[in-house]
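Peer 1: Numbering (our numbering), first residue to last: 9 to 417.
A virtual CB, placed ideally from N, CA and C, is assigned to each residue, including glycine.
Quick one: structure below, then a few questions.
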């Protein structure tokens, strides 16, 4: 398997003074081109991603590859709502997402975790009610699937859960992990199958809990759960429920199985005993890659025999005062069809950083492509990145590099 490579950009010698003006003009041109390319992704990528497939499915041939990208937690607070609000009363998250549009849109399939509900106005960060415009903007930067099984799945009751599923679908995206009713769970068999590039990819999603709330009456199977005691102590793993879903998945004989797990503890990098137990259940049940969310911090990555576990991707879009929560990573997976099945043949990650509205020229919160922003600063193309932000980006790179390494036991 191809080893992930991330070489942090080291500070280079500054250009001589007589060359700065010319270099800055060149850099400005390059930056404008990059912005135009990102805008192109924003305008067009989402529409083509969600277009219905009309041609018959043709299975991938040996040697064919598919790439899957994943982003971390999205949690829309009142600070983000205020920043996205427009004078005409609408909400626009484009400026926040534009910097990572090329990262999210470069793969064949992209999934993110929306730790919020979409159930109409009035929108409120404290009640985790986000504008539906966010879904449109996510689709336009290349997102295809939304993980909806998480702490906030039933925060606004059964109606909020059902409304969220419906709004995700209306935006041309695919919800994963929640179901409008027990009947819907049975019809979908507890998972989501996606066909792309000749591959059949099964996405399963589970959450550790629901904010200490219990599933409403009539919605007993509406959310896939990792624990039997999901509303109290999270100590008794739901082995039977996990095995049931994975068994249903494998009966469909997918090429790839991806598990999206909302697990672990908030603001804690430690991997618990029950997480290890769940990881074993998943891998033994045919899962090829586990993608974790919920801690809001970047976690370790473990690789074993063509399988990968990313314990936590950190935040994608979330304003949080806790240390380390302003950074995250976008995970990239490559799978290849081989004579004896489809295997994980490569992975990499892109570090990202949420810049505060006081740190950006736009006055908006912006998710930054950390490597690109460091490079812009060090080559002095244009004074887009201030010294304080540059130092924060360097520190973030070092932290992420140290966090993702997990030695095999």
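Give the list of continuous alpha helix (DSSP H) stretches no shorter than 4 residues that lie fully inside the segment 305-387.
Peer 2: Fully enclosed alpha helix (DSSP H) runs of 4 or longer: 378-387.
Peer 1: Give the secondary structure of residue 83 by DSSP, where H, G and I count as helix, E and B as strand, and everything else as coil.
Peer 2: strand
Peer 1: Within a Cβ cutoff of 6 Å, which residues of the same chain sit near residue 290, ignoring the five residues on either side of it in sequence?
Peer 2: 267 and 298
Peer 1: Out of 200, 128 and 204, point me to the one whose CA is closest to residue 65's CA.
Peer 2: Answer by Cα proximity: 204.
Peer 1: Let me confirm a value: residue 400 is counted as buried when at least 16 other C-beta atoms fall within 10 Å, else exposed. Which label applies?
Peer 2: It counts as buried.
Peer 1: With 16 other CB atoms within 10 Å as the buried threshold, where does residue 81 fall?
Peer 2: Buried is the call here.
Peer 1: Nearest-angstrom Cα distance between residue 154 and residue 117?
Peer 2: 11 Å
Peer 1: Do residue 92 and residue 99 have their CB atoms nearer than 7 Å?
Peer 2: yes
Peer 1: Taking 7 Å as the threshold (C-beta atoms), are residue 356 and residue 340 in contact?
Peer 2: Yes. Within cutoff.
Peer 1: When the Cβ atoms of the segment 181-194 are set against those of the segment 237-245, are three or more pairs found closer than 8 Å?
Peer 2: no
Peer 1: Please say whether residue 157 and residue 215 have beta carbons closer to each other than 7 Å?
Peer 2: yes
Peer 1: For residue 505, which residues of its own chain have a beta-carbon under 6 Å away from its beta-carbon, when the five flanking residues on both sides are left out?
Peer 2: The displayed coordinates of the chain run from 9 to 417. Any statement about residue 505 would go beyond what the structure contains.
Peer 1: Assuming residue 275 and residue 219 form a contact by the criterion Cβ under 8 Å, report the distance between their Cβ atoms to the nearest whole angstrom.
Peer 2: That pair is no contact at about 16 Å.
Peer 1: Go through its chain and collect everything with a Cβ distance to residue 305's Cβ below 7 Å, but skip five positions before and after it.
Peer 2: 275, 277, 320, 322, 332 and 333
Peer 1: To the nearest angstrom, how far is the alpha carbon of residue 359 from that of residue 337?
Peer 2: 4 Å
Peer 1: So, using beta-carbon positions, are residue 301 and residue 245 closer together than 7 Å?
Peer 2: Not in contact: residue 301 and residue 245 (Cβ atoms no closer than 7 Å).
Peer 1: Do the segment 306-315 and the segment 168-179 make contact, defined as three or more Cβ pairs closer than 8 Å?
Peer 2: No contact exists between the segment 306-315 and the segment 168-179.
Peer 1: Just checking my contact of residue 70 with residue 346 at CB under 8 Å: how many whole Å lie between their CB atoms?
Peer 2: 6 Å
Peer 1: Alpha carbon to alpha carbon, what distance is there between residue 84 and residue 171?
Peer 2: 17 Å
Peer 1: Please name the residue, chosen from 147, 344, 67 and 134, that lies closest to residue 88 on a Cα-to-Cα basis.
Peer 2: From the listed residues 147, 344, 67 and 134, the smallest Cα separation to residue 88 is found for 134.
Peer 1: Does the beta carbon of residue 184 come closer than 7 Å to any beta carbon on chain C?
Peer 2: In the structure shown, chain C cannot be found, because there is only a single protein chain.
Peer 1: If you count every other CB in all the chains shown that lies within 10 Å of the CB of residue 327, and 16 or more means buried, which is it?
Peer 2: Counting C-beta atoms within 10 angstroms of its own C-beta, residue 327 has 16 or more neighbours from the protein chains shown and is therefore classed as buried.
Peer 1: On the CB-based measure, 16 or more other CB atoms within 10 Å of its CB, does residue 366 come out buried or exposed?
Peer 2: exposed
Peer 1: Provide the residue span of the alpha helix (DSSP H) that contains residue 231, from first to last.
Peer 2: Here residue 231 belongs to no alpha helix (DSSP H), and DSSP marks it neither H nor E.
Peer 1: Mind checking residue 292: buried by the 16 CB within 10 Å criterion, or exposed?
Peer 2: exposed
Peer 1: Could you give the DSSP three-state label for residue 409: helix, strand or coil?
Peer 2: helix
Peer 1: Would you call residue 198 buried or exposed, if buried means 16 or more other Cβ atoms sit within 10 Å of its Cβ?
Peer 2: buried
Peer 1: Whose C-beta lies closer than 6 Å to the C-beta of residue 263 among residues of the same chain, with five residues either side of it excluded?
Peer 2: The beta carbon of residue 263 is closer than 6 Å to those of 207, 208 and 350 in its chain, skipping five residues each way along the sequence.
Peer 1: Ends of the beta strand (DSSP E) at residue 183?
Peer 2: Following the DSSP letters along the chain, one finds residue 183 inside the beta strand (DSSP E) bounded by residues 182-184.
Peer 1: Considering only DSSP beta bridges, list what residue 155 is partnered with.
Peer 2: 121 and 184
Peer 1: Helix, strand or coil, according to DSSP, for residue 431 in the structure here?
Peer 2: No information on residue 431 is available, as it lies outside the stretch 9 to 417 that the chain covers here.
Peer 1: Which residues share a DSSP beta bridge with residue 265?
Peer 2: 210
Peer 1: Roughly how many whole angstroms lie between the Cα atoms of residue 369 and residue 398?
Peer 2: Taking C-alpha positions only, residue 369 is separated from residue 398 by approximately 14 Å.
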